[in-house]
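Every position in the sequence shown, counted from 1, becomes a number in our numbering once 96 is added. A quick write-up on the structure given underneath.
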Amino acid sequence: MLIVMEHKAEPKDIDAVVAAIKAKGYLARPIPGGDRTAIGVLHNKGAVDSSFFLGLKGVKDVIPVTRPYKQVSREFHPEDTIVRVGDVPVGNGHLTIMAGPCAIESEEQALTIAEHVRRAGAHIFRGGAFKPRTSPYSFQGLEEEGLKILVKVRETTEMPVVTEAMDNETFDMVEEYADMIQIGTRNMQNFSLLKRAGRAGKPILLKRGMAATIDEWLMAAEYIFAGGNSEVILCERGIRTFVHHSRNTLDLSAVPVVRKESHLPVIVDPSHAAGRRDQVIPLSRAAVAVSAHGLMVEVHHAPEQAMSDGAQSLYPEQFERLCQQVRSIFDTFQAEENGL
Ligand code: PEP
Ligand code: MN
Numbered sequence: 097m098l099i100v101m102e103h104k105a106e107p108k109d110i111d112a113v114v115a116a117i118k119a120k121g122y123l124a125r126p127i128p129g130g131d132r133t134a135i136g137v138l139h140n141k142g143a144v145d146s147s148f149f150l151g152l153k154g155v156k157d158v159i160p161v162t163r164p165y166k167q168v169s170r171e172f173h174p175e176d177t178i179v180r181v182g183d184v185p186v187g188n189g190h191l192t193i194m195a196g197p198c199a200i201e202s203e204e205q206a207l208t209i210a211e212h213v214r215r216a217g218a219h220i221f222r223g224g225a226f227k228p229r230t231s232p233y234s235f236q237g238l239e240e241e242g243l244k245i246l247v248k249v250r251e252t253t254e255m256p257v258v259t260e261a262m263d264n265e266t267f268d269m270v271e272e273y274a275d276m277i278q279i280g281t282r283n284m285q286n287f288s289l290l291k292r293a294g295r296a297g298k299p300i301l302l303k304r305g306m307a308a309t310i311d312e313w314l315m316a317a318e319y320i321f322a323g324g325n326s327e328v329i330l331c332e333r334g335i336r337t338f339v340h341h342s343r344n345t346l347d348l349s350a351v352p353v354v355r356k357e358s359h360l361p362v363i364v365d366p367s368h369a370a371g372r373r374d375q376v377i378p379l380s381r382a383a384v385a386v387s388a389h390g391l392m393v394e395v396h397h398a399p400e401q402a403m404s405d406g407a408q409s410l411y412p413e414q415f416e417r418l419c420q421q422v423r424s425i426f427d428t429f430q431a432e433e434n435g436l
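Rendered as structure tokens:
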């Protein structure tokens, strides 16, 4: 349930409502807005008597939150959330591009690719130091050495860095080095990892599980909020279907649905959806046309030698073209939204 305060409500009115919520044994989550404050009521089992709260001073309205996800829902928080990664904003009004190799392989490889993607227009550098590989015999990542290389990339290029935390054992280490922590598709419902992410002091990039519904994905984000971290960016990266023409099927319709249901930023990863380079640019254009807030793209200067996901990694010049094309699509839609 959401208690919406009057525009003119005073801080002491808000405090009194928070106290009344707590006195009933519920959890109160004040959400300051541009215009007025709303207070979320959580942990209630069953319906809450709204007339009691409507009678309190400064209360304008009491709105039931009908969705199972509460704090991440737009019902709960109508305004779009902007998440800052380092000093890079992600959310409405921005098109944020994250790019880099699938895996950090060496300092030279990472710095070479970082320089290319930065010049092409990327805002955030990506690269895996802990890699979730299907085969135990495949390259598993450079681990802490990879994280140190990411720091070097940040120092050299001034781009914030995002990298995956695969488990609770290594989460602290990843959190120490990264500007944003990625939770991969295979871990979207790893609830102990989500709880740890909820205690993190850094933003979380939550990829959609490859067989997860949108409700399950938003509930996973709710775990992170419930733990106290409200800096979450969602990432659609393709779901499992019966097709063979791509590695996964990019569910583009998820973007407008998530934007309607949630206030969180949602970006698209066309690389893991496609699994092959020739689909990445068209899918990126489409993602921006359906109003994704950003992209995460794999790029490699020598993809034939990449230690993972070479087949889907763009050459730097392709990435440059991608950036130009999606920027013009974004500008067209922004101009329309602004009534120009
Ligand atoms: C990745 O981005 O490096 C990755 C492994 O992606 P996903 O979890 O979507 O497969
Ligand atoms: Mn990859």
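Positions of the beta carbon are idealized from the N, C-alpha and C atoms, including for glycine.
Just list the residues that DSSP pairs Phe221 with in beta bridges.
Beta-bridge pairing links Phe221 to Ala195 and Val257.
Let's test the definition: count the other Cβ atoms within 10 Å of the Cβ of Gly324 and tell me whether it reaches 16, buried, or not, exposed.
Gly324 should be labelled exposed.
So Ala370 and Arg343 are in contact, right, with Cβ under 8 Å, and what is the actual spacing, rounded?
Right, their Cβ atoms sit about 6 Å apart.
Identify the continuous beta strand (DSSP E) that holds Glu394 and give its terminal residues.
Bounds of the beta strand (DSSP E) holding Glu394 are Gly390 to Glu394.
Determine which residues share a DSSP beta bridge with Thr437 and list them.
Outside the displayed range of the chain (97 to 436) lies residue 437, so it cannot be described from this structure.
Mapping DSSP to helix, strand and coil, what is Glu332?
Three-state result, Glu332: strand.
Would you mind listing the beta strand (DSSP E) stretches within the region 301-352 that are 3+ residues and don't spill past its ends, in chain order?
Qualifying beta strand (DSSP E) stretches, in chain order: 328-332.
Can you determine whether any heavy atom of ligand 1 sits closer than 6 Å to the C-beta of Arg333, and answer yes or no?
Indeed, a heavy atom of ligand 1 lies less than 6 Å from the Cβ.
Spatial neighbours of Ile110 within its chain, please: C-beta separation below 8 Å, excluding the five flanking residues on both sides.
Within the same chain, Ile110 has close Cβ partners Met101, Pro126, Thr133, Ile135 and Gly154.
For Ser202, three-class secondary structure by DSSP:
If DSSP states are grouped into helix, strand and coil, Ser202 belongs with coil.
Taking the Cβ atom as the reference point for each residue, do Glu57 and Gly224 lie within a distance shorter than 7 Å?
The structure shown does not extend to residue 57, since the chain is modelled only from 97 to 436, so the question has no answer here.
Residues of its chain near Leu150, where Cβ-Cβ distance is below 6 Å and the 5 sequence neighbours each way are ignored
Taken in chain order, the residues that qualify are Val158.
Between Val351, Pro197 and Thr208, which has its C-alpha nearest Ser367's C-alpha?
For Ser367, the closest C-alpha among the options Val351, Pro197 and Thr208 is that of Pro197.
Which residue marks the beginning of the beta strand (DSSP E) containing Lys156, and which one marks its end?
Segment Val155 to Ile159, the beta strand (DSSP E) holding Lys156.
Which residue from Ala274, Leu290, Met255 and Ile377 puts its Cα closest to that of Glu394?
Looking at the Cα atoms, Ile377 is the closest of the given residues.
Beta-carbon distances below 5 Å to any heavy atom of ligand 2 define the shell here; list its residues in chain order, please.
Close to ligand 2, as judged by a C-beta nearer than 5 Å to any of its heavy atoms, are the residues Cys198 and Asp405, in chain order.
At a cut-off of 6 Å, is Lys141 close to ligand 1 when judged by its beta-carbon and the heavy atoms of the ligand?
Ligand 1 never approaches Lys141 closely enough for any of its heavy atoms to be under 6 Å from the residue's Cβ.
So, are the CB atoms of Phe380 and Leu418 less than 7 Å apart?
It is worth fixing the name first, because residue 380 is Ser in this sequence and not Phe. Cβ atoms of Ser380 and Leu418: closer than 7 Å.
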